[in-house]
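Asks: Got a structure here, written out as structure tokens. Questions coming.
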Amino acid sequence: MGKITIGCFSSLVGSMSLDFAVKLSEAAVKKGHEVDLWLSGNGTMLGKKGQSKFRDYSYLMDTVTELIKSGKFKITNCEACAKARGISREDTVEGFGVASMDWYLASAFSTDRILHIGGE
Amino acid sequence: MAIKKIAFIVEKLPYKSETSRLALTHTIASQTVEIHLEDGDNVEPVLAFVGEGVLNCLKNQKALELYGVSSLEAHVKNALLLDLRVLVCKEDLEGFGLTEDSIVMDAEEIGGEVTTQVVPYEEIQQDLEAADHLMFF
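Residue numbers (the numbering used here), protein chains in the order written: chain A, 1 to 120; chain B, 1001 to 1137.
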């Protein structure tokens, strides 16, 4: 089985790219692969505590929680990007990592494939 | 012990979105990636500006004065200070009527020793083909 690193810079609300990244992660984990998901820029809002589930907006936390439980999925917020948006470690959902950008590059070092989804 | 080459390709405009800024900060983060890796392992970045992305390299940006944020010009200088390989597509630069005089070519004033390389796209393509991973911003 392989390892996939996904970098996603798109917001939870306002773009479907993050939905795609999580769906792809789910499919890969179900096939037995490991996935590292790096959230940078507006993507960091995925880790914010207290999200509400409305039908008109994406809600990915249930899927992400299950993925974290699988043990094959690491999800990490860019610390600087999150803090710039007022999202501190205390505001971040349990199970999310918080790291500097070199974490993403280190994941890239050891991965089999990268899917880099830039921002809007 | 291994070195993985990552190519960061910047094709977005400066300031219109956060994208090109994140390209530069992620590229510069390659300088501290070793702390996450085994001894002897490392990442070798190359930073290439193509298309509208070449405008990130313009001189005399006023981002700090106008927006209160660091300029992309300053980030390019930081990349040069860290001896990163910085490439600018010659054809795209000329397409905007720009020359080497229009863009950041060095970071001498802060102690940088390497310079920006304005090269034909063909040369950038060779770097992309030699890279282990590509990140488009």
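Idealized CB from N, CA, C, for every residue including glycine.
Given a cut-off of 8 Å, decide if V93/A and G43/A are closer than it, judged by their beta-carbon atoms.
Replies: On the first sequence, position 43 is the one that residue 43/A refers to. On the first sequence, position 93 is the one that residue 93/A refers to. No, Cβ-Cβ distance for G43/A and V93/A is not below 8 Å.
Asks: What are the boundary residues of the beta strand (DSSP E) that I4/A is part of?
Replies: Numbered from its first residue, the first sequence carries residue 4/A at position 4. K3 to C8 is the span of the beta strand (DSSP E), which, as asked, contains I4/A.
Asks: Cβ closer than 9 Å: which chain B residues qualify as neighbours of A108/A?
Replies: By one-based count along the first sequence, residue 108/A stands at place 108. Under the 9 Å cutoff, chain B gives K1004, I1006, V1033, V1043, D1132, H1133 and M1135.
Asks: Bridge partners of V1118/B, per DSSP?
Replies: Locating residue 1118/B in the second sequence gives position 118, where the first residue counts as 1. The partner list for V1118/B (beta bridge, DSSP) reads V1088/B.
Asks: For chain A, check one thing: does any of its Cβ atoms lie closer than 8 Å to the Cβ of L1055/B?
Replies: Here residue 1055/B refers to the residue found at position 55 of the second sequence. It does not; no Cβ of chain A falls within 8 Å.
Asks: Does the beta carbon of A1107/B sit closer than 8 Å to a beta carbon anywhere in chain A?
Replies: For the purposes of this step, residue 1107/B is identified with residue 107 of the second sequence, where counting begins at 1. Closer than 8 Å: no.
Asks: As a quick exercise: from V1114/B, D1041/B and E1100/B, pick the residue whose alpha carbon is nearest that of V1086/B.
Replies: Residue 1086/B sits at position 86 when you count from the first residue of the second sequence. Of the listed residues, the one whose Cα sits closest to V1086/B is V1114/B.
Asks: Do F109/A and D1039/B count as a contact pair if the criterion is CB distance below 8 Å?
Replies: Locating residue 1039/B in the second sequence gives position 39, where the first residue counts as 1. Locating residue 109/A in the first sequence gives position 109, where the first residue counts as 1. Contact: no.
Asks: For M101/A, return the contacting residues in chain B, with the cut-off set at a CB-CB distance below 7 Å.
Replies: The sequence position of residue 101/A within the first sequence is 101, counting from 1. Under the 7 Å cutoff, chain B gives T1025, H1026 and A1029.
Asks: Give the interface partners of G41/A over in chain B, defined as CB-CB distance under 7 Å, in chain order.
Replies: The sequence position of residue 41/A within the first sequence is 41, counting from 1. The answer, in chain order, is E1018 and L1022.
Asks: How about G71/A and E1018/B: do their beta carbons lie closer than 8 Å?
Replies: Position 71 of the first sequence holds residue 71/A. Position 18 of the second sequence holds residue 1018/B. Cβ atoms of G71/A and E1018/B: not closer than 8 Å.
Asks: Near Y1121/B, which residues of its chain fall below 8 Å by C-beta distance, leaving aside the five closest residues on each side in sequence?
Replies: Indexing the second sequence from 1 puts residue 1121/B at position 121. Around Y1121/B: V1050, C1089, K1090, E1091 and D1092.
Asks: Spatial neighbours of T111/A within its chain, please: CB distance less than 6 Å, with the 5 preceding and 5 following residues excluded, ordered by chain position.
Replies: Residue 111/A sits at position 111 when you count from the first residue of the first sequence. Taken in chain order, the residues that qualify are K3 and T5.
Asks: Using only the alpha-carbon positions, how far apart do A82/A and E1034/B sit?
Replies: To locate residue 82/A, count along the first sequence from 1; it is residue 82. To locate residue 1034/B, count along the second sequence from 1; it is residue 34. Each residue's Cα considered, the two are about 23 Å apart.
Asks: Around the C-beta of F96/A, are 16 or more other C-beta atoms found within 10 angstroms, so that it is buried, or is it exposed?
Replies: By one-based count along the first sequence, residue 96/A stands at place 96. That one is buried.
Asks: Work out the CA separation of T1027/B and L67/A for me, nearest whole Å.
Replies: The sequence position of residue 67/A within the first sequence is 67, counting from 1. The sequence position of residue 1027/B within the second sequence is 27, counting from 1. So the two alpha carbons sit approximately 29 Å from each other.
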